[in-house]
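In order, the protein sequence lines correspond to chains S and H.
To convert, note that position 201 of the first sequence is 201 in our numbering; the numbers rise steadily by one, no gaps.
Take any residue in the second sequence, note its place counting from 1, add 255, and you have its number in our numbering.
Beta carbons are placed, not taken as given, at the ideal position from N, Cα and C, and that holds for glycine.
All figures in this text were calculated on a predicted structure; none of them were measured in a lab.
Report on the following structure.
2 protein chains.
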Amino acid sequence: MHKIKRNERLAVMTQILTQSPNRIFTLSHFCELFYTMKQFRLGRLETVTGAAGGVRYRPIGLGSYDREFVESICEKLREPARHLPGGYLYFSDILSDPQLVHGMGALIASQYYDANADFVLTMETKGIPVAMMTAEALRVPLIIARHATKVYEGSAVNISYVSGSGRIETMALSRRAVKDGQRALIVDDFMRGGGTARGMIELMKEFSVTVAGICFVLALENPARRLVEGEKTLMLLSDIKDGETLNIRPADWIK
Amino acid sequence: MHKIKRNERLAVMTQILTQSPNRIFTLSHFCELFYTMKQFRLGRLETVTGAAGGVRYRPIGLGSYDREFVESICEKLREPARHLPGGYLYFSDILSDPQLVHGMGALIASQYYDANADFVLTMETKGIPVAMMTAEALRVPLIIARHATKVYEGSAVNISYVSGSGRIETMALSRRAVKDGQRALIVDDFMRGGGTARGMIELMKEFSVTVAGICFVLALENPARRLVEGEKTLMLLSDIKDGETLNIRPADWIK
Chain S
1 MHKIKRNERL AVMTQILTQS PNRIFTLSHF CELFYTMKQF RLGRLETVTG AAGGVRYRPI
61 GLGSYDREFV ESICEKLREP ARHLPGGYLY FSDILSDPQL VHGMGALIAS QYYDANADFV
121 LTMETKGIPV AMMTAEALRV PLIIARHATK VYEGSAVNIS YVSGSGRIET MALSRRAVKD
181 GQRALIVDDF MRGGGTARGM IELMKEFSVT VAGICFVLAL ENPARRLVEG EKTLMLLSDI
241 KDGETLNIRP ADWIK
Chain H
256 MHKIKRNERL AVMTQILTQS PNRIFTLSHF CELFYTMKQF RLGRLETVTG AAGGVRYRPI
316 GLGSYDREFV ESICEKLREP ARHLPGGYLY FSDILSDPQL VHGMGALIAS QYYDANADFV
376 LTMETKGIPV AMMTAEALRV PLIIARHATK VYEGSAVNIS YVSGSGRIET MALSRRAVKD
436 GQRALIVDDF MRGGGTARGM IELMKEFSVT VAGICFVLAL ENPARRLVEG EKTLMLLSDI
496 KDGETLNIRP ADWIK
């Protein structure tokens, strides 16, 4: 049999680790990787002690590119053609661009490794791709709340909430989706006043689940009223007025 | 400055390539990777000639694990607790498990590299995560058709279609989402008779877009009527009857 060379081992170990963020691997010959990963800003390798210990990869601190990355998205969002009548912003394409969404998910996850979430929760539809990538980086399941109960999800808990646009809406989640005592990280695309996020918090109370964090892709900077607190966002938007240039910028915590 | 060693270079190149499926890198010192990738079944490196040429990574032929992987999902789906009243199957959790969805997306993509799709199309909601991962592996955008026109998506094209359950439903897509003459790969979670897929094909006609392929996660093996043709599926399901064991298996093309 062909002897596996050291450099081949390294290439494979790197691939294995970066494809499986947050997973613990039993420790053996991973020491050399520490240096390589740090030098090339591929993220951080952490040692976990104890019987279930080993080494795991977390895509944290991928250099000082985070702010550049978010600024590049702000740049796209400032394009005048995205400004829709009624003060709306078109950004569905950005929310389902795999490369951008992958980066946003990794960046959100980097802020919540210590929150120990058991799952990521989002409300259908636009936030699903970012929430999915966040869940993948945290190596936890994604749970999707729906606007209505679906027959193929079994018995469900329904709540009513007031959406950002002021309407009473319904939010439904299958009873079997989550368990008592778990911890949720809420990820969604946009916060106007926090109505939908408030709904998700209420929904989690029904399941006796703790909300370990809330993060948005984009949030209104000075909403008339704010229904949540302690939330993070990747980008901040000043009030949208027809015919004006969009004032949009990366949040201060992004370095 | 510290001289970068050959093994470090290799580790980094592997990471860069596998994180960016289907992207073409300009060719320089990638030759050694061919052997390593093949030996460890990490996928295939392909050389593209011409001015825009170089080398790109495609997660094709990741060994003979594909069938094992899909069989492991079938195994989960056979659990009696997933069998809901009315002949429905609970599999929302599987459709939003990042590791499973990542694998399914890569497997679907592996079948469509030569279809040259410009984007992946899905219909909200359950198929979004798998479609997202397929789009990421193909390095193309994901386009999500909605049940109704949304104010924040601008002007839209609406069509009516007959869903799997026999109801008339609406499907809407923003005019700016796709362009004349593009090619679409349709990815969805479940095919009963193909009603929703038929709707997506009609929708694409409205945009003068060619459908380059259709792939489902799960399809009914012998539907009463079949509204699409040439589709692929990862898993096949015999008719669901109350109180019987689910007959579910990987499709024959999966080796």
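- Taking 8 Å as the CB threshold, residue 46(S) stays off the interface with chain H.
- Take residue 163(S), set aside five residues on each side of it, and the residues of its chain with a beta-carbon closer than 7 Å to its own are 169, 195 and 196, in chain order.
- Counting C-beta atoms within 10 angstroms of its own C-beta, residue 369(H) has fewer than 16 neighbours from the protein chains shown and is therefore classed as exposed.
- Beta-carbon to beta-carbon, residue 77(S) and residue 246(S) are separated by about 7 Å, close enough to satisfy the 8 Å threshold.
- Rounded to whole angstroms, the separation of the alpha carbons of residue 461(H) and residue 428(H) is 10 Å.
- Residue 55(S): member of the beta strand (DSSP E) spanning 54-58, first to last residue.
- Taking the Cα positions, residue 334(H) is about 10 Å away from residue 344(H).
- At a beta-carbon threshold of 7 Å, the residues of chain H lying near residue 102(S) are 391, ordered along the chain.
- Counting other Cβ atoms within 10 Å of its Cβ, residue 192(S) reaches 16 or more and is therefore classed as buried.
- Per DSSP, the beta bridge partners of residue 424(H) are 416(H).
- With a cutoff of 8 Å on beta-carbon distance, residue 489(H) and residue 506(H) are scored as near each other.
- Scanning its chain for C-beta atoms nearer than 7 Å, with the 5 sequence neighbours on each side dropped, one finds around residue 198(S) the residues 161, 227 and 228, in chain order.
- Contact note: residue 146(S) reaches chain H through 380, using a C-beta cutoff of 8 Å and chain order.
- Within the segment 82-94 of chain S, the residues whose Cβ lies closer than 7 Å to some Cβ of chain H are 84, 86, 88, 89, 90, 92 and 93, listed in chain order.
- Partner residues in a beta bridge of residue 69(S), as assigned by DSSP, do not exist.
- Fully contained in the segment 437-470 of chain H are the following beta strand (DSSP E) runs of length 3 or more, in chain order: 438-446.
- The C-beta distance from residue 10(S) to residue 409(H) rounds to 49 Å, too long to meet the 8 Å contact threshold.
- Taking 9 Å as the cut-off between beta carbons, none of the residues of the segment 475-492 of chain H comes near chain S.
- Using a Cβ-Cβ cut-off of 8 Å, residue 334(H) does not count as an interface residue toward chain S, since no Cβ of chain S sits closer than that to its own.
- By a beta-carbon distance limit of 8 Å, residue 398(H) contacts residue 375(H). Their separation comes to about 7 Å.
- Interface with chain H (8 Å Cβ-Cβ cutoff): residue 96(S) is included.
- Closest by C-alpha distance to residue 337(H), out of 470(H), 430(H) and 503(H), is 503(H).
- Ranked by Cα distance from residue 362(H), the options 471(H), 436(H) and 401(H) are led by 471(H).
- When only Cα atoms are considered, residue 466(H) and residue 391(H) end up about 19 Å apart.
- Here residue 351(H) has 384 as same chain residues with Cβ atoms under 7 Å from its own Cβ, once five neighbours each way along the sequence are excluded.
- Contact with chain H is found for residue 151(S), since one of that chain's Cβ atoms lies less than 8 Å from the residue's Cβ.
- Chain H places a beta carbon closer than 8 Å to that of residue 132(S), counting this residue as a contact.
- For residue 109(S), there are no C-beta contacts with chain H under 8 Å, since the nearest C-beta of that chain is about 11 Å from it.
- Using a CB distance cut-off of 8 Å, residue 451(H) does not count as an interface residue toward chain S.
- Against residue 397(H), the close residues of chain S are 96, 97, 98 and 129, in the order they occur along the chain (beta-carbon pairs closer than 8 Å).
- Check the Cα spacing between residue 437(H) and each of 510(H), 371(H) and 302(H): the tightest is with 371(H).
- As a beta-bridge residue in DSSP terms, residue 279(H) pairs with 311(H).
- Chain-ordered, the chain H residues with CB closer than 8 Å to the CB of residue 19(S) read 273.
- According to the DSSP assignment, residue 400(H) belongs to the beta strand (DSSP E) that extends over 397-400.
- Membership of residue 488(H) in any alpha helix (DSSP H) is not indicated; the residue belongs instead to the beta strand (DSSP E) covering 487-492.
- For residue 505(H), the three-state secondary structure derived from DSSP is strand.
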